[in-house]
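What follows is a set of notes on a single structure, which appears directly below.
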Amino acid sequence: MIQSVIASKEVTRHILKAFGLHASKRLGQNFLIDADIVHGIVDAADICPGDRVLEIGPGIGTLTQGLAEAGAEVTAVELDKKLPAVLAKTLEGYDKVRVVQGDILKIDIQTVMGPGSFKVVANLPYYITTPILMSLLEQRLPITRLVTMVQKEVAERMTAVPGTKAYGALSVAVQYYAAPRIVLDVPPQSFIPAPEVDSVVIVCDVREKPAVEVKDGQLFFRIVRAAFGQRRKTFNNALKTMGLEKETIGHILLKAGIDGQRRGETLSLAEFAAVADAVGQ
Ligand code: SAM
Numbered sequence: 001m002i003q004s005v006i007a008s009k010e011v012t013r014h015i016l017k018a019f020g021l022h023a024s025k026r027l028g029q030n031f032l033i034d035a036d037i038v039h040g041i042v043d044a045a046d047i048c049p050g051d052r053v054l055e056i057g058p059g060i061g062t063l064t065q066g067l068a069e070a071g072a073e074v075t076a077v078e079l080d081k082k083l084p085a086v087l088a089k090t091l092e093g094y095d096k097v098r099v100v101q102g103d104i105l106k107i108d109i110q111t112v113m114g115p116g117s118f119k120v121v122a123n124l125p126y127y128i129t130t131p132i133l134m135s136l137l138e139q140r141l142p143i144t145r146l147v148t149m150v151q152k153e154v155a156e157r158m159t160a161v162p163g164t165k166a167y168g169a170l171s172v173a174v175q176y177y178a179a180p181r182i183v184l185d186v187p188p189q190s191f192i193p194a195p196e197v198d199s200v201v202i203v204c205d206v207r208e209k210p211a212v213e214v215k216d217g218q219l220f221f222r223i224v225r226a227a228f229g230q231r232r233k234t235f236n237n238a239l240k241t242m243g244l245e246k247e248t249i250g251h252i253l254l255k256a257g258i259d260g261q262r263r264g265e266t267l268s269l270a271e272f273a274a275v276a277d278a279v280g281q
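Numbering of the sequence shown is given in this note's numbering, commencing with residue 1 and proceeding in unit increments.
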């Protein structure tokens, strides 16, 4: 059984008080206080001794401790300038943990992580969940698995299937690069302070190759954005917003085998790919 001493209400309160810290709303700070959830995340990440892990936003080291106890070599990137000194104390003795102060959206992750594949594990700050996830996936970093705590509603969008209300550009983008699944429900009481939303842990197994083959990835995403830009429009009309002529659209749809009267939000990744390749020709 791994030790996760920091993951309790008492210890977290004690650490915050001892260092004169106040959870910053601006930085999305909600500290985990539930050891079962820490164990659930470590299990979902399938950590084996020696696994290299990038942790985003270690806070006071709650999840970091769980990862280090399981034998991971953790590089933890934290934006809050006050926290590295705190982490040096709370994680004293864990010599496989390295804390890097910086903004995950600005640092060069490849340089920080060095050569070789790694996993990403994080209790993400909710104010920038989507930009962080998209940036990690779009950079095509050698990430094998991404395990993150996210707002339930965001996870539902990430895993949504065509034709549902939650299906959108985020679903297509995440599923293009990875296979996402929700593994754990996490109530607000598992954090200090308790967030106003429900949370879940999501596992994304990153694909070696995108889910669908397309000749031009940028064009694929332009079409996806056009399709979801005005959800109530038919796909026919959505393509018009890309500046395509009626006749050209007719040819494209015929070639891709798509009925232009359908709404864009009903198209699968494979169908978007067929359209992108037809537009590109
Ligand atoms: N991992 C800790 C836990 O589970 O208790 C803290 C999680 S808290 C939800 C999010 C953490 O991300 C905070 O420590 C916050 O300071 C940090 N953070 C916010 N924005 C960041 C950014 N752009 N880059 C790196 N860390 C960030």
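Beta carbons are placed, not taken as given, at the ideal position from N, Cα and C, and that holds for glycine.
Just so it is clear, the structure is predicted and the values come from calculations on it, not from any experiment.
> Does the beta-carbon of Ala194 have 16 or more other beta-carbons within 10 angstroms, so that it is buried, or is it exposed?
Replying inline: Taking the sequence shown and counting its residues from 1, one reaches residue 194 at position 194. Label assigned to Ala194: exposed.
>> Nearer than 6 Å: is that true of the beta carbon of Gln29 relative to any heavy atom of ligand 1?
In response: Residue numbering aside, residue 29 sits at position 29 when the sequence shown is read from its first letter. Yes.
> Arg232 by DSSP, collapsed to three states: which one?
Replying inline: Translated into the one-based positions of the sequence shown, residue 232 becomes position 232. In this structure, Arg232 counts as coil in the three-state DSSP scheme.
> Buried or exposed: Leu254, going by 16 or more other Cβ atoms within 10 Å of its Cβ?
Replying inline: Taking the first residue of the sequence shown as 1, we reach residue 254 at position 254. Of the residues assessed, Leu254 falls on the exposed side of the cut-off, its CB having fewer than 16 other CB atoms within 10 angstroms.
>> Restricting to runs no shorter than 3 residues, where is the beta strand (DSSP E) found entirely within the stretch 16-86?
In response: Listed in chain order, the complete beta strand (DSSP E) runs (minimum 3 residues) inside the stretch 16-86 are 52-56, 73-78.
> What are the boundary residues of the beta strand (DSSP E) that Thr248 is part of?
Replying inline: Numbered from its first residue, the sequence shown carries residue 248 at position 248. Counting along the chain, Thr248 falls outside any beta strand (DSSP E), though it belongs to the alpha helix (DSSP H) covering 246-256.
>> Please state whether the Cβ-Cβ distance between Ile182 and Ile33 is less than 7 Å.
In response: Position 182 of the sequence shown, counted from the start, is the residue given in the question as residue 182. Position 33 of the sequence shown, counted from the start, is the residue given in the question as residue 33. No; because the gap between Cβ atoms is not below 7 Å, this pair is not in contact.
> Apart from the five residues on each side of it in sequence, which residues of its chain come closer than 8 Å, Cβ to Cβ, to Pro188?
Replying inline: For the purposes of this step, residue 188 is identified with residue 188 of the sequence shown, where counting begins at 1. If we look at Pro188 and ignore the five residues flanking it on each side, its Cβ neighbours are Ala194, Pro195, Glu196, Val197, Asp198, Ser199.
> Can you give the beta carbon distance from Leu267 to Pro180, rounded, assuming they're within the 8 Å contact cut?
Replying inline: Here residue 267 corresponds to residue number 267 of the sequence shown, with the count starting at 1. Here residue 180 corresponds to residue number 180 of the sequence shown, with the count starting at 1. Rounded, the Cβ-Cβ distance is 19 Å, inconsistent with contact.
>> Please state the DSSP three-state secondary structure of Pro210.
In response: If you number the sequence shown from 1, residue 210 lands on position 210. Three-state DSSP puts Pro210 in coil, outside helix and strand.
>> Considering only DSSP beta bridges, list what Thr148 is partnered with.
In response: Sequence index remark: in the sequence shown, residue 148 carries index 148 (1-based). Ala122, Ile202.
> Can you tell me where the beta strand (DSSP E) with Val183 in it begins and where it stops?
Replying inline: On the sequence shown, position 183 is the one that residue 183 refers to. Where Val183 is concerned, the enclosing beta strand (DSSP E) stretches over 178-186.
> Taking the alpha-carbon positions, what's the Arg140 to Glu245 distance?
Replying inline: Residue mapping note: residue 140 aligns to position 140 of the sequence shown, counting from 1. Residue mapping note: residue 245 aligns to position 245 of the sequence shown, counting from 1. If I take the Cα positions, the gap works out to 34 Å.
> Hey, Arg98 and Thr75: beta-carbon distance below 7 Å or not?
Replying inline: Mapped onto the sequence shown, residue 98 falls at position 98. Mapped onto the sequence shown, residue 75 falls at position 75. Going by C-beta atoms, Arg98 is nearer than 7 Å to Thr75.
> Under the three-state reduction of DSSP, which class applies to Arg98: helix, strand or coil?
Replying inline: Taking the first residue of the sequence shown as 1, we reach residue 98 at position 98. Strand at Arg98.
> For the putative contact between Met149 and Val186, defined by C-beta atoms under 8 Å, what is the C-beta separation to the nearest angstrom?
Replying inline: Here residue 149 corresponds to residue number 149 of the sequence shown, with the count starting at 1. Here residue 186 corresponds to residue number 186 of the sequence shown, with the count starting at 1. Met149 to Val186, Cβ: 6 Å. Contact.
> Is it the case that the Cβ atoms of Ser117 and Thr90 are separated by a distance below 7 Å?
Replying inline: Stepping through the sequence shown from its first residue, residue 117 is reached at position 117. Stepping through the sequence shown from its first residue, residue 90 is reached at position 90. Taking 7 Å as the Cβ cut-off, Ser117 and Thr90 do not qualify as a contacting pair.
> What residues match up with Ile192 in a beta bridge as DSSP calls it?
Replying inline: As a first step, residue 192 must be located in the sequence shown, where it is residue number 192. Phe31, per the DSSP bridge assignment.
>> On the CB-based measure, 16 or more other CB atoms within 10 Å of its CB, does Leu67 come out buried or exposed?
In response: Within the sequence shown, numbered from 1, the residue matching residue 67 stands at position 67. When all chains shown are included, Leu67 counts as buried.
> What residues in its chain sit with their C-beta under 8 Å from that of Ile15, if we drop five residues either side in the sequence?
Replying inline: For this step, residue 15 is matched to residue 15 along the sequence shown. Excluding sequence positions up to five before and after Ile15, its CB lies within less than 8 Å of the CB of Ile6, Leu21, Ile60, Val86, Thr90, all in the same chain and listed in chain order.
>> From the DSSP secondary-structure annotation, give me the bridge partner or partners of Ile143.
In response: Taking the first residue of the sequence shown as position 1, residue 143 is located at position 143. According to DSSP, which records beta bridges pairwise, Ile143 is partnered with Phe118.
> So who's on the other strand from Arg263, going by DSSP bridges?
Replying inline: Sequence index remark: in the sequence shown, residue 263 carries index 263 (1-based). Bridge partners of Arg263 according to DSSP: Thr234.
> Are the beta-carbon atoms of Gly257 and Phe235 separated by less than 7 Å?
Replying inline: Here residue 257 refers to the residue found at position 257 when the sequence shown is read from its first residue. Here residue 235 refers to the residue found at position 235 when the sequence shown is read from its first residue. Not in contact: Gly257 and Phe235 (Cβ atoms no closer than 7 Å).
>> Judging by CA-CA distance, which residue of Gly102, Arg13, Pro131, Asp51 is the nearest neighbour of Lys96?
In response: Taking the sequence shown and counting its residues from 1, one reaches residue 96 at position 96. Per the Cα distances, Asp51.
> Who are the near neighbours of Asp216 in its chain, counting only those whose CB is closer than 7 Å to its CB and skipping five residues on each side?
Replying inline: Position 216 of the sequence shown, counting from 1, holds the residue named residue 216. Around Asp216: Ala276, Gly280.
> Who are the near neighbours of Val212 in its chain, counting only those whose CB is closer than 6 Å to its CB and skipping five residues on each side?
Replying inline: Here residue 212 corresponds to residue number 212 of the sequence shown, with the count starting at 1. So the qualifying residues of the chain are Leu269, Ala270, Ala273.
> Of the choices Arg232, Ala226, His251, Leu105, whose alpha-carbon is the least far from that of Leu239?
Replying inline: Counting from one through the sequence shown, the residue named residue 239 turns up at place 239. The option with the nearest alpha carbon to Leu239 is Ala226.
>> Let's see if you can read the secondary structure: which residues bound the alpha helix (DSSP H) around Ser135?
In response: If you number the sequence shown from 1, residue 135 lands on position 135. For Ser135, the uninterrupted alpha helix (DSSP H) run begins and ends at 129-138, by DSSP.
> Does the separation of the CB atoms of Ala160 and Tyr167 fall below 7 Å?
Replying inline: Along the sequence shown, read from residue 1 onward, the residue named residue 160 stands at position 160. Along the sequence shown, read from residue 1 onward, the residue named residue 167 stands at position 167. Taking 7 Å as the Cβ cut-off, Ala160 and Tyr167 qualify as a contacting pair.
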